[in-house]
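Scroll down for the structure; my scribbles are underneath it.
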Amino acid sequence: MNHEEPFTNRNVSESSAYYYVDIETYPTAGWDKFKQVVKRTFNGELFVGLWVVLREMIKFDIHTVQYPLEKLPIGPRYRAVHKLLRLWESGYERCIGCGLCEKICISDCIRMDTRIDENSRKEVTEYSINLGRCIFCGYCAEVCPELAIVHGQRYENASEQRAHFVIKDDMLTPLDLLKAGEQAEYPGFGAIIPGSDASVKKTPLAY
Amino acid sequence: MDVAFIIETIVKIVVILLVFSALAGLGTYFERKVLAFMQRRLGPMHVGPFGLLQVAADGIKLFTKEDIIPQNVVKSIFKIAPVITAATAFMASAAIPFWPQFTVMGYTVHPIVADINVGILYVLGVMAIGLYGPLLGGMASANKWSLISAARSAAVFISYEVITGLSLLAPLMMVGSLSLIDINNYQAGGITNWIVWSQPVAFILFWIAAFAETGRTPFHLVANDHEIIDGFGTEYSGMRWGLFFIGEYANMFFISFVIAIIFLGGFGDGTIAGAIQLLLKVAFFFFFFLWTRAAWPDVRPDQLMWLCWKVLMPIAVINIVITGIVMMF
Numbered sequence: 320m321n322h323e324e325p326f327t328n329r330n331v332s333e334s335s336a337y338y339y340v341d342i343e344t345y346p347t348a349g350w351d352k353f354k355q356v357v358k359r360t361f362n363g364e365l366f367v368g369l370w371v372v373l374r375e376m377i378k379f380d381i382h383t384v385q386y387p388l389e390k391l392p393i394g395p396r397y398r399a400v401h402k403l404l405r406l407w408e409s410g411y412e413r414c415i416g417c418g419l420c421e422k423i424c425i426s427d428c429i430r431m432d433t434r435i436d437e438n439s440r441k442e443v444t445e446y447s448i449n450l451g452r453c454i455f456c457g458y459c460a461e462v463c464p465e466l467a468i469v470h471g472q473r474y475e476n477a478s479e480q481r482a483h484f485v486i487k488d489d490m491l492t493p494l495d496l497l498k499a500g501e502q503a504e505y506p507g508f509g510a511i512i513p514g515s516d517a518s519v520k521k522t523p524l525a526y
Numbered sequence: 015m016d017v018a019f020i021i022e023t024i025v026k027i028v029v030i031l032l033v034f035s036a037l038a039g040l041g042t043y044f045e046r047k048v049l050a051f052m053q054r055r056l057g058p059m060h061v062g063p064f065g066l067l068q069v070a071a072d073g074i075k076l077f078t079k080e081d082i083i084p085q086n087v088v089k090s091i092f093k094i095a096p097v098i099t100a101a102t103a104f105m106a107s108a109a110i111p112f113w114p115q116f117t118v119m120g121y122t123v124h125p126i127v128a129d130i131n132v133g134i135l136y137v138l139g140v141m142a143i144g145l146y147g148p149l150l151g152g153m154a155s156a157n158k159w160s161l162i163s164a165a166r167s168a169a170v171f172i173s174y175e176v177i178t179g180l181s182l183l184a185p186l187m188m189v190g191s192l193s194l195i196d197i198n199n200y201q202a203g204g205i206t207n208w209i210v211w212s213q214p215v216a217f218i219l220f221w222i223a224a225f226a227e228t229g230r231t232p233f234h235l236v237a238n239d240h241e242i243i244d245g246f247g248t249e250y251s252g253m254r255w256g257l258f259f260i261g262e263y264a265n266m267f268f269i270s271f272v273i274a275i276i277f278l279g280g281f282g283d284g285t286i287a288g289a290i291q292l293l294l295k296v297a298f299f300f301f302f303f304l305w306t307r308a309a310w311p312d313v314r315p316d317q318l319m320w321l322c323w324k325v326l327m328p329i330a331v332i333n334i335v336i337t338g339i340v341m342m343f
């Protein structure tokens with residue numbers, strides 16, 4: 320989609336897209352008023368209106384989206400209810416329990432509990448997002464160093480309890496879906512920009 | 015007056031009441047669909063196939079809704095006003111021939127409740143009484159918007175009665191009868207005999223006035239949603255509001271019948287083909303009511319009065335004079 324904004328220059332000038340509508344002065348004398356009425360009556364403006372709506376009816380170019388049955392595509396950067404992703408090869412959770420998302424969350428709605436498991440790996444035991452407070456700013460996804468927490472595409476969150484949407488097991492990609500290769504990498508907020516490897520440079524240590 | 019006649023008349027009345035109540039419901043369905051298509055929408059789609067049962071759903075809703083009588087209204091008048099609108103609409107239909115006469119098992123049926131010799135006068139008169147529905151309902155409602163609507167409806171209906179009356183006078187002078195059957199038979203010779211060819215001005219004037227009489231869109235200021243909410247219907251709920259609605263839609267159908275019979279040949283020579291032609295003409299006029307609603311803006315009340323008294327009425331009078339002069343020589 321290459322949308323071109325026609326009004327780059329918003330000052331009224333010769334070159335801008337704005338132009339003055341040509342409005343004739345209103346007649347004041349009785350005879351002129353009469354002539355205007357006659358002109359407007361017989362130049363068929365009313366039939367233009369009738370034709371326009373009939374044409375649309377015949378073309379039958381319906382724009383209705385029958386919502387629960389059909390849905391409009393949403394942008395890849397749309398920020399809906401969060402998801403937790405898994406590592407592709409091992410199936411482990413990507414989350415390393417660093418706590419950055421908990422720290423950066425400006426509405427203070429992420430809580431996590433971690434422990435060191437038997438492999439000396441940090442394991443996340445509890446992970447909860449209070450959707451009543453979440454403002455879907457996307458900072459958690461942006462700050463996550465492992466691309467573990469991302470925003471999903473699930474925007475229909477009507478339920479008896481909003482907490483149902485952020486039970487950790489529900490956010491986490493199920494293992495069978497991962498094995499089927501159906502875990503989608505998130506192209507939106509915080510994702511790696513395509514071709515970013517080329518732009519990586521040696522960190523200058525000395526200034 | 016024998017028993018058979020009474021039974022036949024009662025059957026006709028019941029049939030007309032049932033058919034046109036149902037048609038009023040279906041009319042709302044068609045209106046919603048046609049307006050939706052013209053605005054590139056789909057309209058009702060979920061209740062039944064293509065939303066056809068939406069009418070039933072709306073009916074159930076209207077019938078079971080609480081009948082609220084607000085505080086400060088004049089109760090008896092408030093309650094009777096919707097009945098006046100619906101009743102006068104159906105009473106007007108008594109003199110309209112909906113179908114040519116036909117024979118069933120050796121018994122000739124005249125599909126008109128009463129072929130009175132002042133038919134069109136009766137139809138217009140009773141439709142004019144329909145004015146009291148919006149007027150009394152609006153005045154009894156204890157609501158500013160309803161009151162404005164009542165004042166407007168009185169002004170509009172009374173003004174446009176003049177146009178309907180004067181525009182009909184010229185065709186009636188040619189036919190020499192007020193019975194709609196006689197008017198129909200006058201044009202029985204085919205399309206060249208239609209009164210619209212000899213009285214095009216009267217036809218257009220009556221058509222314009224029909225919009226004002228039924229309160230449809232270019233002249234919808236009686237219940238103009240964006241200025242006076244629902245006008246006289248603001249305080250009504252449930253079936254009382256539904257009666258206003260049935261009255262309005264029945265009126266649209268009946269006035270379509272009247273236009274088709276007086277100006278466009280009606281059912282012609284009385285064959286089945288002619289009868290079907292009559293229904294097609296009525297369908298066109300009904301469709302036109304919906305079509306203009308999608309296409310045209312509303313006019314201001316003062317513009318409406320200007321149109322009535324300064325434009326349409328003089329034209330109607332001139333039309334009568336010219337018709338009289340032509341008939342004299």
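Quick note, the sequences are listed as chains A and B, same order.
Heads up: the first sequence begins at 320 in this note's numbering, then just goes up one per residue.
Heads up: the second sequence begins at 15 in this note's numbering, then just goes up one per residue.
Don't be surprised by glycine CBs; every beta carbon is placed ideally from N, CA and C.
* DSSP beta-bridge partners of isoleucine 435/A -> Reading the first sequence from its first residue, position 116 is the one you call residue 435/A. BP columns for isoleucine 435/A point to Lys441/A.
_asparagine 265/B to histidine 234/B span [Cα, whole Å]_ = As a working note, residue 265/B is residue 251 in the second sequence. As a working note, residue 234/B is residue 220 in the second sequence. Spanning the alpha carbons of asparagine 265/B and histidine 234/B requires a straight line of approximately 14 Å.
| Can you tell which of Ala101/B, Ile91/B, Glu45/B has its C-alpha closest to the C-alpha of phenylalanine 345/B? | Outside the modelled stretch of chain B, which goes from 15 to 343, sits residue 345/B, for which no answer is possible.
In the DSSP assignment, what residue or residues form a beta bridge with glutamate 412/A?
-> The sequence position of residue 412/A within the first sequence is 93, counting from 1. Answer by DSSP bridge pairing, in chain order: Arg405/A.
- Task: Quick one: give me the first and last residue of the alpha helix (DSSP H) that phenylalanine 361/A is part of.
- Result: Numbered from its first residue, the first sequence carries residue 361/A at position 42. Taken as a continuous stretch (DSSP letters only), the alpha helix (DSSP H) holding phenylalanine 361/A covers 349-361.
Requested in this report: Please list the residues of the region 49-63 of chain B that have a C-beta atom closer than 7 Å to any C-beta atom in chain A, keeping them in chain order.
Outcome: Taking 7 Å as the cut-off between beta carbons, the residues of the region 49-63 of chain B near chain A are Phe51, Met52, Arg54, Arg55, Leu56, Met59, in sequence order.
### Message
So that I know if they touch, is there some Cβ in chain A lying closer than 8 Å to that of tryptophan 310/B?
### Response
What you label residue 310/B is simply residue 296 of the second sequence in a count that begins at 1. Yes, because at least one Cβ of chain A sits closer than 8 Å to the Cβ of tryptophan 310/B.
If you measure from the beta carbon of glycine 514/A to each beta carbon in chain B, is any gap under 8 Å? For the purposes of this step, residue 514/A is identified with residue 195 of the first sequence, where counting begins at 1. Closer than 8 Å: no.
Which of the three DSSP states is assigned to phenylalanine 116/B in this structure?
Numbered from 1 along the second sequence, position 102 holds the residue referred to as residue 116/B. Strand, per DSSP.
* To do: Examine chain B for any beta-carbon lying closer than 8 Å to the beta-carbon of methionine 431/A, and answer yes or no.
  => As a working mapping, residue 431/A is identified with position 112 in the first sequence. By this cut-off, methionine 431/A is not an interface position.
Taking the alpha carbon of aspartate 432/A as the point to measure from, which residue in Gly368/A, Ile381/A, Cys414/A, Gln355/A has its own alpha carbon closest? In the first sequence, counting from the first residue as 1, residue 432/A sits at position 113. That would be Cys414/A, whose Cα lies nearest to the Cα of aspartate 432/A.
Using C-beta distances below 8 Å, list every residue in its chain close to valine 25/B, excluding the 5 sequence neighbours before and after it, in chain order. Locating residue 25/B in the second sequence gives position 11, where the first residue counts as 1. The beta carbon of valine 25/B is closer than 8 Å to none in its chain, skipping five residues each way along the sequence.
Look at the Cβ atom of serine 167/B, then the Cβ atom of proline 148/B, and state whether they are nearer than 8 Å.
The residue you call residue 167/B lines up with position 153 of the second sequence. The residue you call residue 148/B lines up with position 134 of the second sequence. Yes; because the gap between Cβ atoms is below 8 Å, this pair is in contact.
DSSP state of valine 325/B mapped onto helix, strand, coil | Stepping through the second sequence from its first residue, residue 325/B is reached at position 311. The three-state reading of DSSP puts valine 325/B in helix, counting H, G and I together.
- For leucine 192/B, does the count of other Cβ atoms within 10 angstroms reach 16, so buried, or fall short, so exposed? Residue mapping note: residue 192/B aligns to position 178 of the second sequence, counting from 1. Under this definition leucine 192/B is a buried residue.
* Contacting residues, own chain, Cβ-Cβ under 8 Å from methionine 59/B (five flanking each side not counted) -> The residue given as residue 59/B occupies position 45 in the second sequence. Gly65, listed in sequence order.
- Task: My understanding is that arginine 46/B touches isoleucine 381/A, with C-beta atoms under 8 Å, so please give their C-beta distance in whole angstroms.
- Result: Against the second sequence, residue 46/B aligns to sequence position 32. Against the first sequence, residue 381/A aligns to sequence position 62. Contact annotation, arginine 46/B with isoleucine 381/A: C-beta distance approximately 14 Å; criterion of less than 8 Å not satisfied.
- prompt: Under a CB-based cut-off of 8 Å, is valine 357/A close to chain B?
  reply: As a first step, residue 357/A must be located in the first sequence, where it is residue number 38. Output row for valine 357/A: interface = no.
(request) Please list the partners that phenylalanine 379/A has in chain B, where partner means a Cβ-to-Cβ separation under 8 Å. (result) What you label residue 379/A is simply residue 60 of the first sequence in a count that begins at 1. The contacting residues are Phe51.
Please look up how many angstroms separate the CB atoms of alanine 467/A and glutamate 412/A, rounded, as I've assumed it's under 8 Å. For this step, residue 467/A is matched to residue 148 along the first sequence. For this step, residue 412/A is matched to residue 93 along the first sequence. Alanine 467/A to glutamate 412/A, Cβ: 7 Å. Contact.
Only counting the same chain, and skipping five residues up and downstream in sequence, which positions put a Cβ closer than 7 Å to that of glutamate 249/B?
Stepping through the second sequence from its first residue, residue 249/B is reached at position 235. Excluding sequence positions up to five before and after glutamate 249/B, its CB lies within less than 7 Å of the CB of Pro84, Val87, Ser155, Asn157, Ser160, all in the same chain and listed in chain order.
### Message
Could you compute how far the alpha carbon of alanine 237/B sits from the alpha carbon of isoleucine 423/A?
### Response
Indexing the second sequence from 1 puts residue 237/B at position 223. Indexing the first sequence from 1 puts residue 423/A at position 104. Their backbone Cα atoms lie some 56 Å apart in a straight line.
Which residue spans inside the region 116-187 of chain B form an unbroken alpha helix (DSSP H) run of at least 4? For the region 116-187 of chain B, whole alpha helix (DSSP H) runs of length 4 or above, ordered along the chain, are 133-143, 146-154.
Please report the distance separating the alpha-carbon of proline 523/A from that of glycine 394/A.
Residue numbering aside, residue 523/A sits at position 204 when the first sequence is read from its first letter. Residue numbering aside, residue 394/A sits at position 75 when the first sequence is read from its first letter. The alpha-carbon separation between proline 523/A and glycine 394/A amounts to approximately 37 Å.
Checklist entry - When you compare each of Arg405/A, Pro464/A, Ile429/A to aspartate 495/A by their alpha carbons, which one comes out closest? => result Within the first sequence, residue 495/A is the residue found at index 176, counting from 1. Comparing Cα positions, the closest option is Arg405/A.
Quick check on this structure: which residue in Leu183/B, Thr228/B, Arg254/B has the alpha carbon closest to the alpha carbon of valine 346/B?
As displayed, chain B neither begins before 15 nor continues past 343, which places residue 346/B out of reach and without an answer.
Self-check item: isoleucine 425/A to isoleucine 454/A span [Cα, whole Å]
Solution: On the first sequence, position 106 is the one that residue 425/A refers to. On the first sequence, position 135 is the one that residue 454/A refers to. Isoleucine 425/A and isoleucine 454/A: Cα-Cα distance of roughly 9 Å.
| Proximity of valine 61/B and glycine 39/B at Cβ, strictly below 8 Å | Taking the first residue of the second sequence as 1, we reach residue 61/B at position 47. Taking the first residue of the second sequence as 1, we reach residue 39/B at position 25. One thing to note: valine 61/B has its Cβ no nearer than 8 Å to the Cβ of glycine 39/B.
Between alanine 106/B and phenylalanine 268/B, is the Cβ-Cβ spacing less than 8 Å? Your numbering for residue 106/B matches position 92 in the second sequence. Your numbering for residue 268/B matches position 254 in the second sequence. Going by C-beta atoms, alanine 106/B is nearer than 8 Å to phenylalanine 268/B.
### Message
When you compare the CB of tryptophan 221/B with every CB in chain A, is at least one pair closer than 8 Å?
### Response
Counting from one through the second sequence, the residue named residue 221/B turns up at place 207. Tryptophan 221/B does not count as touching chain A.
task = Please report how far the alpha carbon of methionine 341/B lies from the alpha carbon of methionine 188/B, in whole angstroms.
result = Here residue 341/B refers to the residue found at position 327 when the second sequence is read from its first residue. Here residue 188/B refers to the residue found at position 174 when the second sequence is read from its first residue. Taking the Cα positions, methionine 341/B is about 8 Å away from methionine 188/B.
If you measure from the beta carbon of histidine 470/A to each beta carbon in chain B, is any gap under 8 Å? Counting from 1 along the first sequence, the entry for residue 470/A is found at position 151. Chain B contact via Cβ: absent.
inquiry  = Please state the DSSP three-state secondary structure of serine 365/B.
reply    = Examination of residue 365/B is not possible in this model, given that chain B is present from 15 through 343 alone.
Please confirm whether histidine 382/A has its beta-carbon closer than 8 Å to some beta-carbon of chain B.
Position 63 of the first sequence holds residue 382/A. Yes, histidine 382/A lies at the interface with chain B (some Cβ there is under 8 Å from its Cβ).
Coil, strand or helix - arginine 396/A by DSSP:
Taking the first sequence and counting its residues from 1, the one referred to as residue 396/A is at position 77. It is coil, neither helix nor strand.
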